[in-house]
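Chemist:
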Amino acid sequence: MRSYSDFYRRSVDDSEAFWAEQARLIDWQTPPQQILDASHPPFARWFVGGTTNLCHNAIDRHLDARGDQPALICVSTETGLERSYSFRELHAEVQCTAASLLALGVKRGDRVLIYMPMIAEATFAMLACARIGAVHCVVFGGFASGSLASRIEDAEPTVIVSADAGSRGGKVLAYKPLLDEAIRLSKHKPAAVLLADRGLAPMDRVAGRDHLMRDLAAQHRGAVVPCAWLESTEISYTIYTSGTTGKPKGVQRDTGGYAVALAASMPHIFDARAGETYFCTSDIGWVVGHSYIVYGPLIAGMATILYEGLPTQGLDRQPDGGIWWQLVEKYKVTVMFSAPTAVRVLKKQDPALLKKYDLSSLRALFLAGEPLDEPTGRWIGEGLGVPIIDNYWQTESGWPIITIANGVEKKPGKLGSPGVPMYGWRVKILDESTGEELSALNEKGVVVIEGPTPPGFMQTIWRDDARFVNTYWKSVPGKMVYSTFDWGIRDADGYFFILGRTDDVINVAGHRLGTREIEEVISGHANVAEVAVVGVADALKGQVAVAFVVPRNADGVEGAGALALEGEIMRRVADQLGALGRPSRVHFVTGLPKTRSGKLLRRAIQAICEGRDAGDLTTMDDPATLQRIRQLLWP
Ligand code: PRX
4 MRSYSDFYRR SVDDSEAFWA EQARLIDWQT PPQQILDASH PPFARWFVGG TTNLCHNAID
64 RHLDARGDQP ALICVSTETG LERSYSFREL HAEVQCTAAS LLALGVKRGD RVLIYMPMIA
124 EATFAMLACA RIGAVHCVVF GGFASGSLAS RIEDAEPTVI VSADAGSRGG KVLAYKPLLD
184 EAIRLSKHKP AAVLLADRGL APMDRVAGRD HLMRDLAAQH RGAVVPCAWL ESTEISYTIY
244 TSGTTGKPKG VQRDTGGYAV ALAASMPHIF DARAGETYFC TSDIGWVVGH SYIVYGPLIA
304 GMATILYEGL PTQGLDRQPD GGIWWQLVEK YKVTVMFSAP TAVRVLKKQD PALLKKYDLS
364 SLRALFLAGE PLDEPTGRWI GEGLGVPIID NYWQTESGWP IITIANGVEK KPGKLGSPGV
424 PMYGWRVKIL DESTGEELSA LNEKGVVVIE GPTPPGFMQT IWRDDARFVN TYWKSVPGKM
484 VYSTFDWGIR DADGYFFILG RTDDVINVAG HRLGTREIEE VISGHANVAE VAVVGVADAL
544 KGQVAVAFVV PRNADGVEGA GALALEGEIM RRVADQLGAL GRPSRVHFVT GLPKTRSGKL
604 LRRAIQAICE GRDAGDLTTM DDPATLQRIR QLLWP
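Residue numbers 4 to 638, in this note's numbering, belong to the letters of the sequence shown in order.
1. If I measure Cβ to Cβ from Lys-3 and keep anything under 8 Å in the same chain, skipping five residues before and after, which residues do I get?
2. If you draw a straight line from the alpha carbon of Phe-488 to that of Val-449, how long is it in whole angstroms?
3. Can the beta-carbon of Gln-98 be found closer than 8 Å to that of Val-228?
4. By a C-beta neighbour count over all protein chains shown, 10 Å radius and 16 as the cutoff for buried, is Asp-286 buried or exposed?
5. Along the chain, where does the beta strand (DSSP E) containing Gln-37 start, and where does it finish?
6. Any idea what DSSP makes of Arg-86, helix, strand or coil?
7. Note down the Cα distance separating Gly-145 from Lys-413, rounded to an integer number of angstroms.
8. Assuming Leu-130 and Val-142 are in contact, meaning their beta carbons sit under 8 Å apart, how far apart are those beta carbons, in whole angstroms?
9. Output needed for Met-483: all residues of its chain with C-beta closer than 8 Å, excluding positions within five of it in sequence on either side, in chain order.
10. Please identify the residue among Ala-204, Leu-444, Ala-128 and Ile-432 whose C-alpha is closest to the C-alpha of His-293.
11. So is the beta-carbon of Asp-625 under 7 Å away from any non-hydrogen atom of ligand 1?
12. Can you give me the start and stop residues for the beta strand (DSSP E) that Gly-386 sits inside?
13. Just to confirm, does Glu-3 get its C-beta within under 7 Å of one of the non-hydrogen atoms of ligand 1?
14. Within 7 Å: the Cβ of Thr-344 and any heavy atom of ligand 1?
15. Contact check, Asp-257 vs Ser-239 under 8 Å by CB: the rounded distance?
16. Looking only at its chain, what residues have a beta carbon closer than 8 Å to the beta carbon of Thr-315, apart from the 5 residues adjacent to it on each side?
17. Which word fits Lys-192, buried or exposed, when buried means at least 16 other C-beta atoms lie within 10 angstroms of its C-beta?
18. How should Val-209 be labelled, buried or exposed, when 16 other C-beta atoms within 10 angstroms of its C-beta is the threshold for buried?
19. Less than 8 Å between the C-beta atoms of Ala-550 and Ile-572, yes or no?
20. Cutting at 8 Å between CB atoms, please list the residues of its own chain near Glu-523, excluding the five before and the five after it.
21. How far does the alpha helix (DSSP H) with Ile-432 in it extend, from its first residue to its last?
22. What residue from Ile-407, Ala-306 and Gln-630 has the CA that sits closest to Asp-616's CA?
23. Give a single yes or no on whether Ile-391 has its beta carbon closer than 7 Å to a heavy atom of ligand 1.
24. Can the beta-carbon of Val-175 be found closer than 8 Å to that of Leu-197?
25. How is the alpha helix (DSSP H) around Asn-473 delimited, first residue to last?
26. Which term fits Leu-635, buried or exposed, when burial requires 16 or more other beta carbons within 10 angstroms of its beta carbon?
27. Around the Cβ of Pro-626, are there at least 16 other Cβ atoms within 10 angstroms (buried) or fewer (exposed)?
28. Rounded to whole angstroms, what is the Cα-Cα separation between Thr-474 and Gln-255?
29. List the whole-angstrom C-beta distance separating Gly-70 from Ser-89, where the pair is believed to meet the contact cut-off of C-beta under 8 Å.
30. Check whether the Cβ of Pro-34 sits closer than 7 Å to any heavy atom of ligand 1, and report yes or no.
31. Output the boundary residues of the beta strand (DSSP E) element that contains Arg-114.
32. Can you look up Gln-72 in the DSSP assignment and give me helix, strand or coil?
33. Leaving out five residues before and five after Ser-526 in sequence, what residues of the same chain have Cβ atoms less than 7 Å from its Cβ?
34. Could you check whether the Cβ of Asn-394 sits closer than 7 Å to any heavy atom belonging to ligand 3?
35. Going by the CB atoms, is the gap between Leu-357 and Asp-393 shorter than 8 Å?
36. In the DSSP assignment, find the beta strand (DSSP E) that holds His-59 and state where it starts and stops.
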């Protein structure tokens, strides 16, 4: 086996030659004329002049060699549906959906917003967009109408693809009323809405605007829709993520760079091979779902499992904590990808479930999205008897930044560390205030990436280059480097440890949320004068949101009034943003700690909540506010 350090060195010292080689892992209609155009930093344009198509690489190019092999395996323990589509069947379904979108007036470059549960039609819609060169914007199905409306307004989709409902733990969640409310709230109105009807919830349809997928499919069954050959730098999709302000950022991805990055990650990082089965338990609404449920495995010629349901349900819809392992056995999964939170849920069950099924096909389990705590990593590693590989990345990066390249050199992992920088990523740790590189071991600083960024990394923020540059590339003084907004340290062996966010982003059960978005919803309540939301450590979910509210009306501070207000605030967040952001507690206070210039000291509040020292408070305006919070929480 090669040495990983040589592999890495080449990727940064001779980066164009390295990526030119990786580019051969995909099909090009026209080969790239220039590997990298970095003439306008911090923008990096990969494989300039090349033309390709994500859908062609995911489906069409496999038809000759493996047309009848499984490509998409859909399993729902919510509805009991289990169905596998071969590459050839997927090819037909995607063309049919593509023809439906074209019939609704979607053109190359138009946006199509997808708000769907984990069903086959969601994948068809994504691949159909890629096929015709439309830009898909998938919005996580757990978001409610307020979040959805702001995304519709920003993306300005021609068509929205949705469904009657999702289902979670047997509870039906109607999507259509949330979508209708979101469209009502949004200034932009889509020309058409395309709906999958699962028969789970009744749907009111707006005449002339709303169409059923099955009606259009009946008209377009057997359609032949050729792939549009896109410039490598043409947009494939945008995906919204949270940041420091309340306005979500549309992370924009290219076509050729993303295809190459994913194609390269499959053998090098995941040690995954064509003809095998990949099982990623994320959701298509998140970046992990885009890269490793839909595009990565299919580009590699693998079958991918799309699973709707809890990890604790069985195929017979009875509670059974062994469902994942049952699927591994049944579909001979070789590579699996999940999140620490999900494993912590499984940890509450009988460990014998990990031994109940034949897992001999499985080579490794990758976990990402939040810090992997040592006890959880050890528990699942011992239970499964396969390597557990932590990987650190972001919506912005598109694929892992720090992990172990399992297909290059099977380096040992270290519990608590995601590993070492991946090929192509120039990862540094800098002092937050001086911008100096921290070379001392185990010294805490901001994790940054030096440009040019590798293929697959975001191109920009949708329609806002200035925000992309100012938010990400100008946060460290004196240096134009990309800030991950994560704290980190590096040990003597070059392994990184991630120590949480430097900004106001929190991570609830592996889902990234902005505390500002939650605060904005809470401040909309008539009896809220001021609010601070912080993320507080939670044994199961990693973090939960906790709100500190200054009510307008002093009655709200104690007793029955406070209890009622707490309930109203929680409901308000769940209704507008979705259940993930709902604060687990709302505390009522008479004032919030701020700096003399009026900046909320969220980090200090968070420290008090977690029983830690609140740090340097010399810039604080009224220390009594923090004292009162301490007394409230730790009487
Ligand atoms: O804070 C880091 C945390 O999740 C953030 C990115 O979240 P998101 O954009 O949703 O992308 C998830 C893609 C896997 C990071 O800034 N994070 C992600 N992975 C890890 C992590 N923190 C610690 N260890 C990880 N492995």
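For every residue, glycine included, the Cβ atom is placed at its ideal position computed from N, Cα and C.
Modeler: Taking the structure as given:
1. Missing from the structure shown is residue 3; the chain here goes from 4 to 638 and no further.
2. In the sequence shown, counting from the first residue as 1, residue 488 sits at position 485. In the sequence shown, counting from the first residue as 1, residue 449 sits at position 446. Each residue's alpha carbon lies about 7 Å from the other.
3. In the sequence shown, residue 98 corresponds to position 95, counting from 1. In the sequence shown, residue 228 corresponds to position 225, counting from 1. Yes; because the gap between Cβ atoms is below 8 Å, this pair is in contact.
4. Counting from 1 along the sequence shown, the entry for residue 286 is found at position 283. Buried, by the Cβ-count rule.
5. Stepping through the sequence shown from its first residue, residue 37 is reached at position 34. Judged by DSSP secondary structure, Gln-37 falls within the beta strand (DSSP E) whose first and last residues are 37-40.
6. Here residue 86 refers to the residue found at position 83 of the sequence shown. Here Arg-86 sits in strand by DSSP.
7. As a position in the sequence shown, residue 145 is number 142, starting the count at 1. As a position in the sequence shown, residue 413 is number 410, starting the count at 1. Near 37 Å, if we compare the C-alpha coordinates of Lys-413 and Gly-145.
8. Looking up residue 130 in the sequence shown gives position 127. Looking up residue 142 in the sequence shown gives position 139. 17 Å between Cβ atoms; not a contact.
9. Here the question's residue 483 lines up with position 480 in the sequence shown. The answer, listed in chain order, is Pro-44, Pro-45, Gly-454, Trp-476 and Lys-477.
10. In the sequence shown, residue 293 corresponds to position 290, counting from 1. Cα-wise, what sits closest to His-293 is Ala-128.
11. For the purposes of this step, residue 625 is taken as residue 622 along the sequence shown, with counting starting at 1. Checking every heavy atom of ligand 1 against the Cβ of Asp-625, none is found closer than 7 Å.
12. What you label residue 386 is simply residue 383 of the sequence shown in a count that begins at 1. Careful: Gly-386 lies outside any beta strand (DSSP E), inside the alpha helix (DSSP H) at 377-387.
13. This structure does not reach residue 3, given that the chain is present from 4 up to 638, and the question cannot be answered.
14. Taking the first residue of the sequence shown as position 1, residue 344 is located at position 341. Incorrect: Thr-344 has no Cβ contact closer than 7 Å to ligand 1.
15. Counting from 1 along the sequence shown, the entry for residue 257 is found at position 254. Counting from 1 along the sequence shown, the entry for residue 239 is found at position 236. Taking a contact as a CB-CB distance under 8 Å, the pair Asp-257 and Ser-239 counts as one, their CB atoms being some 6 Å apart.
16. Against the sequence shown, residue 315 aligns to sequence position 312. Result list for Thr-315: Pro-322, Asp-323, Gly-324, Ile-326, Val-348, Leu-349 and Gln-352, in chain order.
17. Here the question's residue 192 lines up with position 189 in the sequence shown. Label assigned to Lys-192: exposed.
18. Indexing the sequence shown from 1 puts residue 209 at position 206. It counts as exposed.
19. Residue numbering aside, residue 550 sits at position 547 when the sequence shown is read from its first letter. Residue numbering aside, residue 572 sits at position 569 when the sequence shown is read from its first letter. Their beta carbons are under 8 Å apart, which means Ala-550 touches Ile-572 by this criterion.
20. For the purposes of this step, residue 523 is taken as residue 520 along the sequence shown, with counting starting at 1. Answer for Glu-523: Gly-249, listed in chain order.
21. Counting from one through the sequence shown, the residue named residue 432 turns up at place 429. Not the alpha helix (DSSP H): Ile-432 falls in the beta strand (DSSP E), residues 429-433.
22. Walking along the sequence shown from the start, residue 616 turns up at place 613. Here the closest residue by C-alpha is Gln-630.
23. Position 388 of the sequence shown, counted from the first residue, corresponds to residue 391. For ligand 1, not one heavy atom lies less than 7 Å from the Cβ of Ile-391.
24. One-based indexing of the sequence shown puts residue 175 at position 172. One-based indexing of the sequence shown puts residue 197 at position 194. Not closer than 8 Å, so no.
25. Translated into the one-based positions of the sequence shown, residue 473 becomes position 470. Here the alpha helix (DSSP H) through Asn-473 covers 468-476.
26. On the sequence shown, residue 635 is found 632 positions in, with the first residue counted as 1. It is exposed - the Cβ of Leu-635 has fewer than 16 other Cβ atoms within 10 Å.
27. Residue mapping note: residue 626 aligns to position 623 of the sequence shown, counting from 1. That one is exposed.
28. Against the sequence shown, residue 474 aligns to sequence position 471. Against the sequence shown, residue 255 aligns to sequence position 252. The straight-line gap from Cα to Cα measures roughly 15 Å.
29. Walking along the sequence shown from the start, residue 70 turns up at place 67. Walking along the sequence shown from the start, residue 89 turns up at place 86. Their Cβ separation, rounded to whole angstroms, is 7 Å, which keeps Gly-70 and Ser-89 in contact under 8 Å.
30. On the sequence shown, position 31 is the one that residue 34 refers to. Because no heavy atom of ligand 1 lies under 7 Å away, the Cβ of Pro-34 does not count as near it: no.
31. Here residue 114 is taken as the residue at index 111 of the sequence shown, counted from 1. Where Arg-114 is concerned, the enclosing beta strand (DSSP E) stretches over 114-118.
32. Looking up residue 72 in the sequence shown gives position 69. Of the three classes helix, strand and coil, the one that applies to Gln-72 here is coil, per DSSP.
33. Here residue 526 is taken as the residue at index 523 of the sequence shown, counted from 1. Correct list, in chain order: Val-534.
34. Of the ligands this structure carries, namely ligand 1, none is ligand 3.
35. Here residue 393 corresponds to residue number 390 of the sequence shown, with the count starting at 1. Here residue 357 corresponds to residue number 354 of the sequence shown, with the count starting at 1. It is not a contact, given that the beta carbons lie outside the stated cut-off.
36. Walking along the sequence shown from the start, residue 59 turns up at place 56. Per DSSP, His-59 belongs to no beta strand (DSSP E); it is in the alpha helix (DSSP H), 57-61.
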